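Asks: FYI, the numbering for the sequence shown is -30 to -1, 1 to 166, going by mature numbering (1 follows the signal peptide of the UniProt record, and there is no 0).
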Amino acid sequence: MAAASNGGMVLIRNLILAALVAICVSSASAATVDGVTMPNARMVQGRQLVLNGMGERTYSFLRIRIYVAALYLEHRSHDAEAILRSPETKLLNVRFLRDVSAEDARKSWRTGFANNCQPPSCTVNPAEVEEFISRVPAVHQGDNSMLLFTARGAIVTFNGRPMGDINDPHFAYVLLRTFLGPAPASPDLKQALLGL
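Rendered as structure tokens:
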């Protein structure tokens, strides 16, 4: 009885996680950057997404390796603004290569929002930014973050656990803009995500 109950709980937990993120990996082929391998295609909420680009985020002139990120789209594109404005499903997968404190991670997000959403052409509610940033945890080598963008907003998960739903398409747009906007933390990573 206990074993059956345990198995049922595991099944329920797995179904909940699948419903939250709804990401199934296609293992037909894959791409590798700095030892991190990502599939060339993923099924997300019944839609097939293809790898648009994959690259590494480094820090300082020493090129300290922070993470590898991969961007998946329904249709490949090299146009950052077209990707940002598209209502199609998009997935950004980030795999960390080193430990980063919560303080440093939050500072990086705060800078990303400030540099890539400046009035009058772009505005975002500062309270919403701080609410999002307050949920950003410390990360460790091997941690995995998923940012799933839809026409309704975004779903953010960390190591398979939900960090929260963003039910605001504009805020989700600004969130992705921190990677693909005019002043990303890593211009080289932006180019890689665009497949350039």
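Beta carbons are placed, not taken as given, at the ideal position from N, Cα and C, and that holds for glycine. Bear in mind the structure is a predicted one, so any value in this text is a computation, not a measurement.
1. Give the DSSP-derived three-state secondary structure of residue 247 in the structure shown.
2. When burial is assigned at 16 or more other CB atoms within 10 Å of the CB, is F119 buried or exposed?
3. Tell me whether S115 sits in a helix, a strand or coil according to DSSP, three-state version.
4. Check whether the Cβ atoms of R68 and A155 sit closer than 9 Å, and answer yes or no.
5. Would the beta-carbon of L117 fall within 9 Å of that of L62?
6. Around the C-beta of P57, are 16 or more other C-beta atoms found within 10 angstroms, so that it is buried, or is it exposed?
7. So, at 6 Å on beta carbons, what are the nonlocal neighbours of V70 in its own chain, with the 5 sequence-adjacent residues on each side left out?
8. Once DSSP output is grouped into helix, strand and coil, what is the label at F83?
9. By the 10 Å Cβ neighbour count, where 16 or more other Cβ atoms means buried, how is R76 classified, buried or exposed?
10. Tell me the residue span of the beta strand (DSSP E) that contains Q161.
11. Comparing C-alpha positions only, which one of G130, G112, R80 and I136 sits nearest to A121?
12. Find the nearest neighbour of L163 within the set A50, L19 and A84, judged by alpha-carbon distance.
13. If R65 sits next to V99, beta carbons under 8 Å apart, how far is it from one beta carbon to the other, in whole angstroms?
14. Determine, using beta carbons only, whether M24 and A1 come nearer to each other than 9 Å.
15. If V94 and F149 are in contact, beta carbons under 8 Å, what's the gap, nearest whole angstrom?
16. Compute the Euclidean distance between the alpha carbons of I103 and R80, then round it to the nearest angstrom.
Replies: From the atom records:
1. Outside the shown range of the chain, which is -30 to 166, sits residue 247, and nothing can be said about it.
2. buried
3. strand
4. no
5. yes
6. exposed
7. For V70, where only same-chain residues beyond five positions count, the Cβ hits under 6 Å are V109.
8. helix
9. buried
10. Element bounds for Q161: not the beta strand (DSSP E) but the alpha helix (DSSP H), P157 to L163.
11. I136
12. A50
13. With a beta-carbon spacing of about 24 Å, R65 and V99 fall beyond the 8 Å limit used to define contacts.
14. yes
15. That pair is no contact at about 15 Å.
16. 7 Å
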